[in-house]
């Protein structure tokens with residue numbers, strides 16, 4: 006758990022230099038601990054590129070596993086996504102080149118805000134973006150940072 010004023014972010018990457026990976030197929034997720042004036046590398050989670058189901062053929066981009074949405078309960082592709090979701094646990098933001106709506110909901114349910122990038126970005130550029138965001142955080146980010154939001158103004162307080 007990051008300390009107050011810090012958040013952890015996950016970045017889907019295929020080359021460890023850019024945020025250029027799709028959440029479901031990225032080779033790695035890199036985790037950083039970020040505050041307004043510092044960024045520290047925390048971890049790099051490597052993923053199996055393609056798995057086979059008990060000797061199944063490895064034809065096609067899915068390695069013979071089928072669509073992950075066709076059997077969300079117990080298919081091998083579901084297990085691979087579970088690994089990725091576990092890697093995101095504890096992060097406030099997930100940056101990826103793309104992710105499905107189902108995966109975005111799963112990431113959000115873990116407490117991480119999924120950010121889909123239109124184009125690949127250098128990892129230092131993503132870190133600077135987050136640091137600028139932290140310097141004037143919106144309410145959801147204040148909560149993630151452990152910063153108390155300002156008192157709400159209510160009609161009763163005006164009377």
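Residue numbers (the numbering used here): 6 to 164. Note that CB positions come from ideal geometry on N, CA and C, so glycine has one too. Treat the numbers as computed from the prediction; the structure is a model and nothing was measured.
Between which two residues does the beta strand (DSSP E) harbouring residue 14 extend? Your numbering for residue 14 matches position 9 in the chain shown. From DSSP, the beta strand (DSSP E) with residue 14 extends over 12–18.
Less than 9 Å separating the beta-carbons of residue 39 and residue 152? Here residue 39 refers to the residue found at position 34 when the chain shown is read from its first residue. Here residue 152 refers to the residue found at position 147 when the chain shown is read from its first residue. No.
Would you tell me roughly how many angstroms separate the C-alpha atoms of residue 29 and residue 140, rounded to the nearest one? Sequence index remark: in the chain shown, residue 29 carries index 24 (1-based). Sequence index remark: in the chain shown, residue 140 carries index 135 (1-based). Going by the C-alpha atoms only, they are around 31 Å apart.
Measure the alpha-carbon distance for residue 96 versus residue 31 and round it to whole angstroms. On the chain shown, residue 96 is found 91 positions in, with the first residue counted as 1. On the chain shown, residue 31 is found 26 positions in, with the first residue counted as 1. For residue 96 and residue 31, the distance between alpha carbons rounds to 17 Å.
Would you list the residues sitting across from residue 23 in a DSSP beta bridge? To locate residue 23, count along the chain shown from 1; it is residue 18. In the DSSP output, where bridge partners are listed per residue, residue 23 has 127.
What first and last residue would you give for the beta strand (DSSP E) that runs through residue 121? As a position in the chain shown, residue 121 is number 116, starting the count at 1. Segment 118–121, the beta strand (DSSP E) holding residue 121.
Sorted by chain position, which residues of the same chain lie with C-beta nearer than 6 Å to residue 44's C-beta, five sequence neighbours on each side aside? Sequence index remark: in the chain shown, residue 44 carries index 39 (1-based). Result list for residue 44: 37 and 132, in chain order.
Rounded C-alpha distance that separates residue 148 from residue 134: Here residue 148 is taken as the residue at index 143 of the chain shown, counted from 1. Here residue 134 is taken as the residue at index 129 of the chain shown, counted from 1. Going by the C-alpha atoms only, they are around 18 Å apart.
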